[in-house]
Structures are given as C-alpha cells and as structure tokens.
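Throughout the first sequence, residue numbering follows our numbering, covering 293 to 1177 in sequence.
Just so you know, even glycine gets a beta-carbon here, dropped at the ideal spot from N, CA and C.
I have placed the structure first, in the form of structure tokens, so that the comments after it can refer back to it.
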Amino acid sequence: MLLTTKTSSTGFWVCPFANNSREKPLKNGTSQALPGNPYSRTSPYSRTSLFPSSVSHISIGLPPKASVLSANRTRNIRSIDNNTEIIKFCELGNLDKAMELLFEYEKLKLDARTYCSLLQLCAEYKSIDNGREVHSIIERNGIETGGVLESKLVFMYVSCGHLIEGRRIFDRSESKNVFLWNLLMNEYAKIGNFKESVNMYYRMLELGIEMNSYTFSCILKCFAALENVVEGEKVHEKILKLGFGSYSAVVNSLISFYFKCGRSGSGQKLFDEMRERDVVSWNSMISGYVANGLAVKGIKFFMEMLRLGVDVDLASMVSALAACASIKDMLLSRAIHAYAVKAGFDLKMPFTNTLLDVYAKCGDMDGAVCVFENMGEPNIVSWTSMIAGYAREGLSYEAIELFHEMRKKGIDPDVFTVTSTLHACACSGSLESGMKVHAYIKEKNMETNLVVSNALMDMFAKCGSMENAEAVFSQMPAKDIVSWNTMIGGYSKNSLANEALSLFAKMQPHKRPDDVTVTCILPACASLAALDRGQEIHGYILRNGLSSDHFVVNALIDMYVKCGALVMAKLLFRKILSKDLVSWTIMIAGYAMHGFGTEAVATFRKMRQAGIEPDEVSFISILYACSHSGLLDAGWRFFNIMRNEFYIEPNLEHYTCMVDLLARAGKLSKAYKFIKGMPIEPDATVWGALLCGCRIYHDVDMAEKVAEHVFELEPENTGHYVLLANIYAEAEKWEEVKRLQEKIGKRALKKNSGCSWIEIRGKAYIFVSGDSAFPQAKSIKFLLRDLRRKMNELGHSSKQKYALINEDEIEKEVALCGHSEKLAMAFGVLSLPPSKTIRVTKNLRICGDCHEMAKFISKMLGREILLRDSSRFHHFKDGSCSCRG
DNA sequence: ATAGGGTTAG
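Below is the structure:
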C-alpha cells in the first residue's frame, strides 16, 4: 500500500483494511420448502406396499367385470353403485381406474362425496390434470359446490401447487372454514409470500373467524420471517387470551419466533414455564441458541436431553452437530456422530449433510470429501456445502469446478449454490467464471432473488467490474441495506470515491446507513481527503451509537489520518480500549505519512509491548515510516526482524520501501545492487524509487541505467519520462532533454494530467493542469504573479531549471502538469481566513517549484499549508516543510 | 385434510 514513487497512484489512499475484510454474519432470511417425505401416509409408495396384492389384482382383474355389471343395472340403482364403485377405487389408491369410471359415467350426477374422494386422491397424487377433469365434470353437471366439495377443490388445487386457482375458488366461496384459511396462509408462507399470509390473518381477525393452533403456528412463522416483533407479540397476547397457552405446538412456535427475532430471553422464559415439553420444544431451544451464536448453550440443552432421557430424534442430532460446526468442535462432533450411528440416524440425509458441513467449516476439506464420497447420492445441499467449504478455504478453483461438475451430474444449482460459487469467483477475482455463473442465474431467472443479486454485485465489484455491478443494482426491484453497502463498498475499493459518495447520498432516503455502510464510505472520504464529509459521517456515527464497532473506529481513524487531521486520529486512537492489529497499523502508517518517523517507531514498539504480532502490512507501514524520515538503520533493523523473527517473506512493497530508504540516503549503488539481488522480479515502482533518488543526488549515469528498466516495465507512464527529463535538465544536458521530448511526442503517450483539489466549506474545488477555466482565475493568476515577483526579489532561487522543463514546449499538457497545486493553494489563500490551515490534495507528486512556492507562501503570508500528494503529507510552516526537502 | 424443531448463502 504505502508506495513512495507511484506517480499516478490514488489507490494508496484507499484504506486497505476497514471495508475489505468486512463480512457480517446475517440472519437467514428465507426458508426453503423441504422435499416431499416419501414415508408419509398419503404418499403413493406406502399404499402400494400396504396393499400390494389387492392393487395388482384389481387393476388387472376387475375392469371388464365392472363394466359388465354397470351395463346391466337400472339407471337409479346404477348411480348409487357407480358412486360406491368409484369411491372403492379411490380408497384403494387407484386413481387411473377411478378416473376411467368417472369418464364413463360423465353425464351422471354423482354424489358430492364421490367427487370429494376423487379430488382427495388427485391432491395426494399431485395430479393436476385429473383434478382439472374432475372439476370441469362437476361444473358441466351443474353440481352444487358449496361446503365440503368447494373446500376439496381448493385443497386439490393448492396441493397440486396451483395456489392462484385455489385462491380464486376460495375467494368466491361463501363457506370458508378455518381449515381453508390455514391451508392458504401456510401455502403463501411456504413460497415466501409472508405478506399475503399476514393479510389473510388480518382478514380472519376482521371477519371474526375462530382461529386454532394451526393459525397461530403459521402466523408466528410469518412475523418471525418479517422480523416484526411487535405484531408477533400481539399474537402472543391473543394466544394467551384465547387459551392456547398450553398447546405445545403453539408454545413451540412462540419459542422459535422469539429466537428468530433474536430474543433468546423470551424463548428461554417460555420454555421454563412449559408444563409439558416435547422433543420439538427441546430441539427449538438447541437450534434457537445456535442460530443466535450461542452454540455452547445449545449443546448444553442437547446434553440435558440425554441426561433426562428425553427421546432424541434426528432434528436434535442435526442441531447439536450444527452447534459443533459453528464452534468448530471436531471432537464433540465425532462423539455425536458415534451416538448417531448407534441410534441409526447417521444415514439420514440431513445428518450426513450436517456432518459434511462440520468438516468443511472446521477447514478439514479432506474429511468433507470423505463424507461426500461415502454418502449414497449427494443432494443439492451436500454439493453446496462442499462448494461453500472450498470457497471459505480460499480454494476457489475447486469450488468453481464443483459447480460445473454438479450440473453435469444433472443437479440444478439453487440460490444457495450460486451464492457460494459467486463468493468463490469474487475471492479469486475470476470475472470469467463469475460471468458463467451469471449466465446460469439468468437462465434460471434467479436474478429476482435479493441474496443472489447481492452476491452477483459483490462478485463484479471484487473482480473490478463496477459497470456490471451497477447493471445488476439498477435493475433490482427491491434493494436491502446489503445491496447498498455492497455497491458503496465496491466503489470505494475500486478507487471510485466520488461514485461511492454520490451513491451514499442517494441511499439516504431509502435506507438508514448502518455500521457497515459507514465503514464502506469512510475510505472514500479518506481517498478524496474530504475532511468535512468525513466529519459529518463521524457525527452520524456518534448520533447513532455506531462507535462501539471496531471496524467503524478503525475506518474513522484511517479517514482522519488520510485527511491530514492527525491530532483527531491520535485522540480517537488513544480512546480505543482494545486496539487491534489494524488500529496500530493505521496509526503507524499515519505517523509515517506525516513524516513523524520516530513516533511511528515508538508506536510500533508499543504495539509489540501490547502483545500484538505485526503482520506484513504493519511492516510495510513501519518501513515506509523509516524511509520517509530517513531512518536508515532502523529501517534495516525492521527489515531483518521481519524476515528472521517473523518469517515474513518481503514482497514488492517491502522492497520498494527499502530501495526508497537507500536511495534517499544517497546510497544509490547499494540500492542498485539491492534490487539486483532481489529474489523476486522488481517492478517499475521498485526501479522508480531508485530513479527518484538519482534525481535528488543528480546522478545522471545511474539514472540512465535505471530508466531503461523503468521504461521497459511501464512504457506508457508519462511520469517516468518527465522525471528523467528533469534529471537531464537539472544537469543542463539540453540535447538529452530534447531527445526525450521527441520520444514522448512520438509515443503520443496518454496524458496523466495533474489535478489538485481543495475543500472549502464542504465543497470541493478542482484544478486540472492545462485547464484555464477555474474559479477566480483572474485573482489567482494575479496573486501567483505577485508571489513570483516577490520570490525573485528576495533572491529565492526560483529555479530556472523547473521553469525550463515545465513551461517549455515538451507538450503543453505535460508542461503544465504540476501547476494545479499552485492554483489550488492560491485559491485557498484567497478563500479561507488567515487562521485556517490550507488543505490541498494532489493526485500526483508535488513538483519542485510548487514545493518552493508553498514554502514561500507559508513564510511570506504566514499561512499554514497541508498538502497531500500521492506519496505523503507536506506540512508547510514558517518557510519550511515537514518532508525536509 | 392444514402446523411447531433439523442441513447449504449475500
């Protein structure tokens, strides 16, 4: 992060910590419908196994006999017999035969109970086609559908998954019973349309429909999903008033409602007051505590069940195992596994999947693979747990591979699978893989899912494609706080600070910024040096009680450091009770940027005294501090400590700091040898640090040697050419300057124009080099001309060299580059009261002439100037600068 | 005839 020589870096100023690693655990918003239970009483399988012989006998032997019989009866008798006949087949579960008979007697008015039996069977077999046939025959025969028959019709449609048609009949019906209300409410809840369930509940209240335990279970689930504690509590009151307070299913629903709303205390109280607890009550306690992050407490309930001899079932085992996963307790989960083998639950899918997830969450992917390969047929949950496990472990490639493999096996990834896979794509920054997942999402119409869209945006943002993220964001019909935070954080991380700020402003009318939002937006303020905006956000943090959060405080300190308000940063830093590695590192980097090397070293020492181990980032900070304060020996010491005591391999940024340190100390050939001896390939930044040193010490020969490397590695960067041209100019080698001018002209290099800005009363004024349209142009030009004249009069060596290279004809834009900071400073002098520090920020490094001019202004006009360039802060006061030249 | 607890995620 802390680079000294990047000529065009704004990335340096983006906070490296605060927002990046920010990942909040979030509550499960949606619940999925469980797959149909093949052992249920109404399932076709149980029927065939219960009556194997009679079913086959009837379907082969009876039909001809039945039709012969019916042909011989009189119409009246026949219709009675027809009813019994059809009902008989229905009871035997032979829908095909029953339907065949129905078609045969199509024109006859059969009994309502016959149609009921048929519809019941259609519902059980989920046979919508037959169900529709029955319905149309009923209508064609003009059968009265009031009462039970109407109810059955609704039941049939709903059971077959045709909720809308069921609802239509329900709405027309005049005899709605509580059963139908419950049925529909539940169905809406199952598909996640909790709002409609709630609407129906309120309608029931209005109409005075007598509610029962089913109603309450359902509505509590809905209010829990909608996180509406207030309404849920009203339901609780109603339950007590109507005397359902002793129904275990109802109380169990209340317990899980309170746990889902994060009110463990209320759940516990209900459990304590229960007279008759069943397995579900116990299981609700285990899962409730686990979901609220108190896994150990959940396990205690499981143990208590065993101690009291309560019958433990599959759900108890699964919850207990999930608790193990959340606290990564492999030992206990092995014990539970052994117990499950004895009890015979170990082969059940939910159990195996949870076991797999324990291994994956404990980081033991080999163990997870073992479970995965030994289970019969892994289902979608198994695959997803594997993918999520690989993604968590940083094995993105394996995760993405599995995604494609499961598709080949014919298993359709669902929303859980795609979000996990997207996470893997995001972590590895593989846009190409992410695009493939996106294509699949579009194909399956999953973009409507909020979580999926959020994961998509996160993936695009982390892969550096904010255009794609924006496209997803703009077409989302409903955005939650995560959506906004993902986009704002994405802009911040991708150095699009202005976009981050404007989206932050747009968000306000829709959603209240939370702790994550402010940690996402503060780095944007930091990178723009937008102190006023940062302070506003600080105010918001205080007003909303967000300052107890570690991430928030660290981001806040980082913002103050980078906006040049070191005093404020120190104040906040001192107030933190438990400073973590990030807080210390930010402060060390802060001292470094402001040129307080000794303070940085002292802070580093205090950090180690506090028992905090430095990592590679904190070593970058301290090395940067040493190089910028000329602490050569200390720098070497830290470099060696890092390698020998902490076994951290230096990376390019560490090497850059060291080269910078040597180069500034004038040890140019030592620096050259140092680079040559690096075990990793040096980049343009490393060589660039040496080139800067060559300029300070006017070493043209070395500069030429170094420049070759720099130009080769970054041929497009104008900054390097200008730097070498300046070195030539200062050595008065005009031939070479000219040669370089031609080179720059020929290459038609893309301009890297300098730009400076100053914030006055919350508004940023931007000055771009080469642009003559700026506010108060006349006064600024007059002031600068005046200052220049005085500088010359007072014999300030207004170096002709700078003037030559800057104002000559290299190229107009390049030549003017470096003057924007002068304009901004002059604007500050004109616009701010004398007591106020002039704070200017520049995207590139400050030019030498401007540096002289700033010193002069500080002395002549008695103004303090704080200028932040791409590398550090320059604090001008009484004619000198904190960077010591 | 409809429910309450149980596996995977941003």
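Query raised in the report: So what's V450 in DSSP terms, helix, strand or just coil?
Result: Within the first sequence, the letter at position 158 stands for residue 450. In this structure, V450 counts as helix in the three-state DSSP scheme.
Query raised in the report: D872 and S919: beta carbons closer than 8 Å?
Result: Looking up residue 872 in the first sequence gives position 580. Looking up residue 919 in the first sequence gives position 627. No, the pair does not count as a contact, with Cβ atoms beyond the cut-off.
Requested in this report: Would you mind reading off the limits of the beta strand (DSSP E) that contains P1064?
Outcome: Position 772 of the first sequence, counting from 1, holds the residue named residue 1064. For clarity, residue 1064 is Ser in the given sequence; the question names Pro instead. Here S1064 belongs to no beta strand (DSSP E), and DSSP marks it neither H nor E.
Query - Beta carbon of S611 nearer than 8 Å to that of V582 - result: Residue mapping note: residue 611 aligns to position 319 of the first sequence, counting from 1. Residue mapping note: residue 582 aligns to position 290 of the first sequence, counting from 1. Yes; because the gap between Cβ atoms is below 8 Å, this pair is in contact.
Report task. May I ask which residues mark the beginning and end of the beta strand (DSSP E) holding E1051? Result -> Within the first sequence, residue 1051 is the residue found at index 759, counting from 1. First-last of the beta strand (DSSP E) with E1051: 1047-1052.
Query - Pick from I461, S451, Y449 that is closest to G438, judged by C-alpha positions - result: For the purposes of this step, residue 438 is taken as residue 146 along the first sequence, with counting starting at 1. Closest by alpha carbon: I461.
Query - Cut-off 8 Å between Cβ atoms - residues of its own chain near G721, not counting five sequence neighbours on either side - result: Along the first sequence, read from residue 1 onward, the residue named residue 721 stands at position 429. Excluding residues within five positions, the ones whose Cβ falls inside 8 Å are K754, C755, G756.
Query raised in the report: By a C-beta neighbour count over all protein chains shown, 10 Å radius and 16 as the cutoff for buried, is T376 buried or exposed?
Result: Stepping through the first sequence from its first residue, residue 376 is reached at position 84. It counts as exposed.
Query raised in the report: Which residues bound the alpha helix (DSSP H) around K1073?
Result: Residue mapping note: residue 1073 aligns to position 781 of the first sequence, counting from 1. 1069-1085 is the extent of the alpha helix (DSSP H) around K1073.
**Report entry** Touching by the beta-carbon criterion (3+ pairs, under 8 Å), the segment 716-736 and the segment 765-779
**Finding:** no
Query raised in the report: For the alpha helix (DSSP H) that contains L795, what are its first and last residues?
Result: Indexing the first sequence from 1 puts residue 795 at position 503. Segment 789-799, the alpha helix (DSSP H) holding L795.
Report task. Tell me I1157's beta-bridge partners as DSSP assigns them. Result -> One-based indexing of the first sequence puts residue 1157 at position 865. Its beta-bridge partners are I1130, F1168.
Report task. Would you check if the distance between the CB atom of A976 and the CB atom of L954 is smaller than 8 Å? Result -> As a first step, residue 976 must be located in the first sequence, where it is residue number 684. As a first step, residue 954 must be located in the first sequence, where it is residue number 662. Cβ distance not < 8 Å, so A976 and L954 don't count as in contact.
**Report entry** Distance between F447 and N386 (C-alpha atoms, nearest Å)
**Finding:** If you number the first sequence from 1, residue 386 lands on position 94. If you number the first sequence from 1, residue 447 lands on position 155. About 19 Å.
Requested in this report: Report the three-state DSSP secondary structure of Y550 (helix, strand or coil).
Outcome: Numbered from its first residue, the first sequence carries residue 550 at position 258. Here Y550 sits in helix by DSSP.
Requested in this report: Answer yes or no: do G1140 and I1130 have a C-beta to C-beta separation smaller than 8 Å?
Outcome: Within the first sequence, numbered from 1, the residue matching residue 1140 stands at position 848. Within the first sequence, numbered from 1, the residue matching residue 1130 stands at position 838. Cβ atoms of G1140 and I1130: not closer than 8 Å.
Query raised in the report: Using a Cβ-Cβ cut-off of 6 Å (strictly less than) and excluding sequence neighbours within five positions of L518, which residues of its own chain qualify?
Result: Numbered from its first residue, the first sequence carries residue 518 at position 226. The residues are F486.
Query raised in the report: Helix, strand or coil: which one does DSSP assign to C1173?
Result: Your numbering for residue 1173 matches position 881 in the first sequence. Note: C1173 maps to strand in three-state DSSP.
Requested in this report: State the Cα-Cα distance for the pair M758 and C719, rounded to the nearest angstrom.
Outcome: The residue given as residue 758 occupies position 466 in the first sequence. The residue given as residue 719 occupies position 427 in the first sequence. Between M758 and C719, the C-alpha separation is close to 16 Å.
Requested in this report: With DSSP as the reference, label A1056 as helix, strand or coil.
Outcome: Residue mapping note: residue 1056 aligns to position 764 of the first sequence, counting from 1. If DSSP states are grouped into helix, strand and coil, A1056 belongs with the strands.
Requested in this report: Please classify F395: is it buried, with 16 or more other beta-carbons within 10 angstroms of its beta-carbon, or exposed?
Outcome: Counting from one through the first sequence, the residue named residue 395 turns up at place 103. Flag for F395 reads exposed.
Query raised in the report: If you drop the 5 nearest sequence neighbours on each side, which residues of the same chain put their C-beta closer than 6 Å to that of L1096?
Result: The residue labelled residue 1096 in the question sits at position 804 within the first sequence. Bear in mind that a pLDDT of 45 at L1096, under 50, signals an unreliable position, so the model cannot answer this.
Query - Nearest-angstrom beta carbon gap, L606 and P642 [assumed within contact, 8 Å] - result: Mapped onto the first sequence, residue 642 falls at position 350. Mapped onto the first sequence, residue 606 falls at position 314. The Cβ separation is near 7 Å, so the contact holds.
Query - contact_flag[the segment 833-844, the segment 878-885] where n(CB pairs < 8 Å) is 3 or more - result: no
Query raised in the report: Taking one C-beta from the segment 798-817 and one from the segment 772-781 each time, how about it: are there three or more such pairs within less than 8 Å?
Result: yes
Query - Cβ distance (whole Å) where Y1013 is taken to contact L983 below 8 Å - result: Taking the first sequence and counting its residues from 1, one reaches residue 1013 at position 721. Taking the first sequence and counting its residues from 1, one reaches residue 983 at position 691. Not confirmed; about 11 Å, so no contact.
Query raised in the report: Roughly how many whole angstroms lie between the Cα atoms of K653 and S745?
Result: The residue given as residue 653 occupies position 361 in the first sequence. The residue given as residue 745 occupies position 453 in the first sequence. About 25 Å.
Requested in this report: May I ask which residues mark the beginning and end of the alpha helix (DSSP H) holding E1008?
Outcome: Counting from one through the first sequence, the residue named residue 1008 turns up at place 716. It is not in any alpha helix (DSSP H) - E1008 carries neither H nor E in the DSSP assignment.
Query raised in the report: How is F827 classed by DSSP in three states: helix, strand or coil?
Result: Numbered from 1 along the first sequence, position 535 holds the residue referred to as residue 827. Note that residue 827 corresponds to Gln in the displayed sequence, not to Phe. Helix.
Query raised in the report: Going along the chain, which residues of its own chain have a beta-carbon closer than 7 Å to the beta-carbon of D772, five neighbours each way excluded?
Result: Here residue 772 refers to the residue found at position 480 of the first sequence. Hits under 7 Å: L742.
Query raised in the report: Whole-angstrom Cβ separation of A587 and S618, contact assumed at under 8 Å?
Result: Reading the first sequence from its first residue, position 295 is the one you call residue 587. Reading the first sequence from its first residue, position 326 is the one you call residue 618. Going by Cβ atoms, the distance from A587 to S618 rounds to 4 Å, so yes, they are a contact pair.
Query raised in the report: Buried or exposed: P330, going by 16 or more other Cβ atoms within 10 Å of its Cβ?
Result: One-based indexing of the first sequence puts residue 330 at position 38. Legend: pLDDT at P330 = 28, less than 50; position of this residue unreliable, value from coordinates given subsequently. Counting Cβ neighbours within 10 Å, P330 comes out exposed, since fewer than 16 surround it.
Report task. Please list the segments of the alpha helix (DSSP H) lying wholly inside the segment 798-867, counting only runs of 4 or more residues, in order along the chain. Result -> 807-820, 823-835, 842-854, 858-867
Requested in this report: Select from A957, K854, W928, F911 the residue whose C-alpha is nearest the C-alpha of R1164.
Outcome: Sequence index remark: in the first sequence, residue 1164 carries index 872 (1-based). Minimum Cα distance to R1164 is reached at K854.
Requested in this report: Pull up the CB-CB distance for L613 and S625, whole angstroms please, since I reckon it's below 8 Å.
Outcome: For the purposes of this step, residue 613 is taken as residue 321 along the first sequence, with counting starting at 1. For the purposes of this step, residue 625 is taken as residue 333 along the first sequence, with counting starting at 1. Yes, they are in contact, since the Cβ atoms of L613 and S625 sit about 6 Å apart, within 8 Å.
**Report entry** Boundaries (first-last residue) of the alpha helix (DSSP H) holding V426
**Finding:** On the first sequence, position 134 is the one that residue 426 refers to. It spans 420-432 - the alpha helix (DSSP H) in which V426 sits, taken as one unbroken run.
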